[in-house]
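The numbering used here puts the sequence shown at residues 19 to 89.
The beta carbon of each residue, even a glycine, is placed where N, CA and C say it ideally should be.
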Amino acid sequence: DRASYTPEAGDLIYLRWDGARATTTFSHIGIVYDVDANYVYTLEGAAAGHVDTRMYKLTDSDIVGYAKPKY
Numbered sequence: 019d020r021a022s023y024t025p026e027a028g029d030l031i032y033l034r035w036d037g038a039r040a041t042t043t044f045s046h047i048g049i050v051y052d053v054d055a056n057y058v059y060t061l062e063g064a065a066a067g068h069v070d071t072r073m074y075k076l077t078d079s080d081i082v083g084y085a086k087p088k089y
């Protein structure tokens with residue numbers, strides 16, 4: 019459950035951009051590198067053709083969920 023999970027550095031973040039098809043579960047993925055009380059900070063590829071950092075409010079409706087890989 020996204021609302022009860024607090025992301026951590028190293029987690030994957032799944033996003034569903036505005037305009038994605040209604041049948042699309044998620045349309046983009048990033049890697050969490052930091053989190054504070056209000057925001058999650060990510061590294062993402064294919065954002066403007068290069069790797070970039072972004073930040074999202076933890077309550078952002080574009081966030082579908084998170085995954086914790088077994089690194």
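Cβ-Cβ distance between residue i and residue j below 9 angstroms
| i | j | result |
| --- | --- | --- |
| Ile31 | Tyr74 | yes |
| Ile49 | Glu62 | yes |
| Tyr84 | Tyr23 | yes |
| Thr43 | Thr60 | no |
| Leu76 | Tyr51 | no |
Residue range of the unbroken beta strand (DSSP E) whose run includes residue i
| i | result |
| --- | --- |
| Gly83 | Ile81 to Ala85 |
| Leu76 | No beta strand (DSSP E) holds Leu76; DSSP gives it neither H nor E. |
| Tyr32 | Leu30 to Leu33 |
| Tyr89 | Careful: Tyr89 lies outside any beta strand (DSSP E) and carries neither H nor E. |
Per DSSP, the bridge partner or partners of residue i
| i | result |
| --- | --- |
| Glu62 | Asp70 |
Distance between beta carbons of residue j and residue i, contact taken as under 8 angstroms
| i | j | result |
| --- | --- | --- |
| Glu26 | Val69 | So it is not a contact: roughly 20 angstroms between Cβ atoms. |
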